[in-house]
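The next block holds one structure in the form of C-alpha cells; read it before the comments.
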Amino acid sequence: MYPTLFISHGAPNIILSDSKSKRNFQKLGKSLSIPKYIIMISAHYVTNDLKIISPEANKIMYDFYGFEDELYKVIYEINSDKDLTFNLIDKLKKENINISIDEERKSYDHGVWNVLALLYEKLNIPVLQLSIPSSYSQFDLINLGEKLKIFKDEAMIICSGGITHNLADMSYSSTPKTYAQEFNEKIKNIVENGDGNSLLNIKSDINFYKNHPSVEHFLPLFIAFGSATNKKGKSVNSEMQYSNISMESFIFDNKDKL
Numbered sequence: 003m004y005p006t007l008f009i010s011h012g013a014p015n016i017i018l019s020d021s022k023s024k025r026n027f028q029k030l031g032k033s034l035s036i037p038k039y040i041i042m043i044s045a046h047y048v049t050n051d052l053k054i055i056s057p058e059a060n061k062i063m064y065d066f067y068g069f070e071d072e073l074y075k076v077i078y079e080i081n082s083d084k085d086l087t088f089n090l091i092d093k094l095k096k097e098n099i100n101i102s103i104d105e106e107r108k109s110y111d112h113g114v115w116n117v118l119a120l121l122y123e124k125l126n127i128p129v130l131q132l133s134i135p136s137s138y139s140q141f142d143l144i145n146l147g148e149k150l151k152i153f154k155d156e157a158m159i160i161c162s163g164g165i166t167h168n169l170a171d172m173s174y175s176s177t178p179k180t181y182a183q184e185f186n187e188k189i190k191n192i193v194e195n196g197d198g199n200s201l202l203n204i205k206s207d208i209n210f211y212k213n214h215p216s217v218e219h220f221l222p223l224f225i226a227f228g229s230a231t232n233k234k235g236k237s238v239n240s241e242m243q244y245s246n247i248s249m250e251s252f253i254f255d256n257k258d259k260l
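Note that this note's numbering has the sequence shown beginning at 3, numbered continuously upward.
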C-alpha cells in the first residue's frame, strides 16, 4: 500500500529559491517508493461536481502572475493515461461516487506540477487529477477519500493545498501571525492524533476563517484524511512563510523510512 500525502504547496516560486520546505520536500521524495501512478487533488481545481481531467492532459499551466520570469519558463513533463482514467471512473461509480471527465481540462495547475517537481525531478508515471467538488460537504470529502483507498495498492494519493491561506494578510516579517500559528498547531495536533471529529468541526474554530477567507486550500486535507487507513498522520515539514502561510505537510500510511 502506498501512502497518502497532504502538501501545503505555498507560493509557486518555491522551486526557484532555497528554503527549509523545499529541502524537506526533496528529501521526502527520495524516501518514497515509486507507484504505478499518482492520484492528485489540488486546491486550484474546483468544480461543482466531481471531475477528472482529460486523459489527454500532457502539459502544465502557469496559473499565477507577478512572479519571476524564470518561473514561466519552467518545463515539467507530465501526462495522464486513458486506461487508468477509465478504470478509476468505473471503480468509483461502483462505489456510488458520481464522476465524469472534464474534456476542457487538459493541463495541470501549479498546485500539481509545483509539488511534483519538488518531490520528483523527473516523473515517468501518469498523474490523474481529480477536482474538488464545491457541492461536497466536509463529510462528503472524507467519504471520497475513503473510496479512494481501493487504489492505494498501486497509486499514491497526493493532496495539495495549505493549512493556512490568507494572502491578503501575509507580509515579509519573520514573526508568524498568532492566528496562523495557533491554527497550524491545532491542525497538527488533530492530524497526529487522528481526531476525525475535530477535523469535521474545524470551521467552527475561531481562527478558521482568519486563515481561510476562502476554503479551497483547506479542503484537500479532508480527502487526504479520508483516504488514510491509519488516520494518524506524521508531519514531514513545518515552516511558516510570509508571516502566515503555513507549509505544514503530512504523510499518512507511511511504510518507508523518512
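Where a beta carbon is used, it is the ideal one built from N, C-alpha and C, also for glycine.
Inset, instruction - Grab me the residues of residue 99's own chain with a C-beta within less than 6 Å of its C-beta, minus the 5 sequence neighbours each way, in chain order. - result: Start at 1 with the first residue of the sequence shown, and residue 99 comes out as number 97. If the five residues before and after residue 99 are omitted, its C-beta is found closer than 6 Å to the C-beta atoms of 149, all from its own chain and listed in chain order.
Inset, instruction - Answer yes if the stretch 126-138 comes into contact with the stretch 186-195, meaning at least three C-beta pairs across the two stretches below 8 Å, and no otherwise. - result: Flag = no, the stretch 186-195 and the stretch 126-138 do not touch.
Legend entry - Rounded straight-line distance, which links the Cα of residue 172 to that of residue 214: Start at 1 with the first residue of the sequence shown, and residue 214 comes out as number 212. Start at 1 with the first residue of the sequence shown, and residue 172 comes out as number 170. Their backbone Cα atoms lie some 12 Å apart in a straight line.
Legend entry - Residue(s) in a DSSP beta bridge with residue 135: Residue numbering aside, residue 135 sits at position 133 when the sequence shown is read from its first letter. DSSP, once it has assigned bridges, lists 49 as partnering residue 135.
Legend entry - Exposure label - residue 177; buried when at least 16 CB within 10 Å: Residue mapping note: residue 177 aligns to position 175 of the sequence shown, counting from 1. Looking at its Cβ environment, which holds fewer than 16 other Cβ atoms inside 10 Å, residue 177 is exposed.
Legend entry - Proximity of residue 7 and residue 160 at Cβ, strictly below 8 Å: Taking the first residue of the sequence shown as 1, we reach residue 7 at position 5. Taking the first residue of the sequence shown as 1, we reach residue 160 at position 158. Residue 7 places its beta carbon less than 8 Å from that of residue 160.
Legend entry - Three-way DSSP call (helix, strand, coil) for residue 259 in this model: What you label residue 259 is simply residue 257 of the sequence shown in a count that begins at 1. Low per-residue confidence applies at residue 259: pLDDT is 49, beneath 50, and the placement is therefore not dependable, though the value from the model is reported in the following sentence. DSSP places residue 259 outside both helix and strand once states are collapsed to three, so it counts as coil.
Inset, instruction - Evaluate contact between the stretch 61-79 and the stretch 101-116, counting only Cβ atoms and requiring at least three cross-stretch pairs below 8 Å. - result: Judged by Cβ distances under 8 Å, the stretch 61-79 makes contact with the stretch 101-116, as three or more pairs qualify.
Legend entry - Stretch-stretch touch, CB-based, cutoff 8 Å, three pairs: the stretch 152-166 with the stretch 4-21: The stretch 152-166 vs the stretch 4-21: in contact.
Inset, instruction - Label residue 95 either buried or exposed according to how many other C-beta atoms from any shown protein chain fall within 10 Å of its C-beta, with 16 as the threshold for buried. - result: Within the sequence shown, the letter at position 93 stands for residue 95. Answer is exposed; the Cβ neighbour count stays below 16.
Inset, instruction - Would you tell me roughly how many angstroms separate the C-alpha atoms of residue 52 and residue 221, rounded to the nearest one? - result: If you number the sequence shown from 1, residue 52 lands on position 50. If you number the sequence shown from 1, residue 221 lands on position 219. Taking the straight line joining both Cα atoms gives about 13 Å.
Legend entry - Which residues DSSP lists as bridging residue 244, in chain order: Along the sequence shown, one-based indexing puts residue 244 at 242. Its beta-bridge partners do not exist; DSSP assigns none.
Inset, instruction - Report, in whole angstroms, the separation of the C-beta atoms of residue 156 and residue 37, which I expect to be a contact under 8 Å. - result: Position 154 of the sequence shown, counted from the start, is the residue given in the question as residue 156. Position 35 of the sequence shown, counted from the start, is the residue given in the question as residue 37. That pair is a contact at about 6 Å.
Inset, instruction - Check each candidate in 218, 238, 226 and name the one with the smallest Cα separation from residue 46. - result: Taking the sequence shown and counting its residues from 1, the one referred to as residue 46 is at position 44. The shortest C-alpha separation from residue 46 is found at 218.
Legend entry - C-alpha distance - residue 2 paired with residue 91, whole-angstrom precision: The displayed coordinates of the chain run from 3 to 260. Any statement about residue 2 would go beyond what the structure contains.
Inset, instruction - Assuming residue 151 and residue 200 form a contact by the criterion Cβ under 8 Å, report the distance between their Cβ atoms to the nearest whole angstrom. - result: The residue labelled residue 151 in the question sits at position 149 within the sequence shown. The residue labelled residue 200 in the question sits at position 198 within the sequence shown. Between residue 151 and residue 200, the beta carbon gap of about 22 Å keeps them out of contact (Cβ cut-off 8 Å).
Legend entry - residue 163 in three-state terms, based on DSSP: Stepping through the sequence shown from its first residue, residue 163 is reached at position 161. Residue state for residue 163 is assigned as strand, using DSSP reduced to three classes.
Legend entry - Proximal residues to residue 259 (C-beta, below 6 Å), its chain only, five neighbours per side dropped: Counting from one through the sequence shown, the residue named residue 259 turns up at place 257. A caution first: residue 259 carries a pLDDT of 49, below 50, which makes its placement in the model too unreliable to give a value.
Inset, instruction - Decide if residue 239 is buried, meaning its Cβ has at least 16 other Cβ atoms within 10 Å, or exposed. - result: On the sequence shown, residue 239 is found 237 positions in, with the first residue counted as 1. The residue in question, residue 239, is buried, as its Cβ has 16 or more Cβ neighbours within 10 Å.
Inset, instruction - Determine, using beta carbons only, whether residue 181 and residue 244 come nearer to each other than 8 Å. - result: Locating residue 181 in the sequence shown gives position 179, where the first residue counts as 1. Locating residue 244 in the sequence shown gives position 242, where the first residue counts as 1. Against a cut-off of 8 Å, the Cβ pair of residue 244 and residue 181 comes out as no contact.
Inset, instruction - Check whether the Cβ atoms of residue 56 and residue 103 sit closer than 8 Å, and answer yes or no. - result: The sequence position of residue 56 within the sequence shown is 54, counting from 1. The sequence position of residue 103 within the sequence shown is 101, counting from 1. Result yes, Cβ atoms of residue 56 and residue 103 sit closer than 8 Å.
Legend entry - CB-CB length for residue 168 against residue 205, believed under 8 Å: By one-based count along the sequence shown, residue 168 stands at place 166. By one-based count along the sequence shown, residue 205 stands at place 203. That pair is no contact at about 15 Å.
Legend entry - residue 34 and residue 80 closer than 8 Å at C-beta: If you number the sequence shown from 1, residue 34 lands on position 32. If you number the sequence shown from 1, residue 80 lands on position 78. Here residue 34 is not near residue 80, since their CB atoms are 8 Å or more apart.
Inset, instruction - Answer yes or no: do residue 216 and residue 131 have a C-beta to C-beta separation smaller than 8 Å? - result: To locate residue 216, count along the sequence shown from 1; it is residue 214. To locate residue 131, count along the sequence shown from 1; it is residue 129. No. Outside cutoff.
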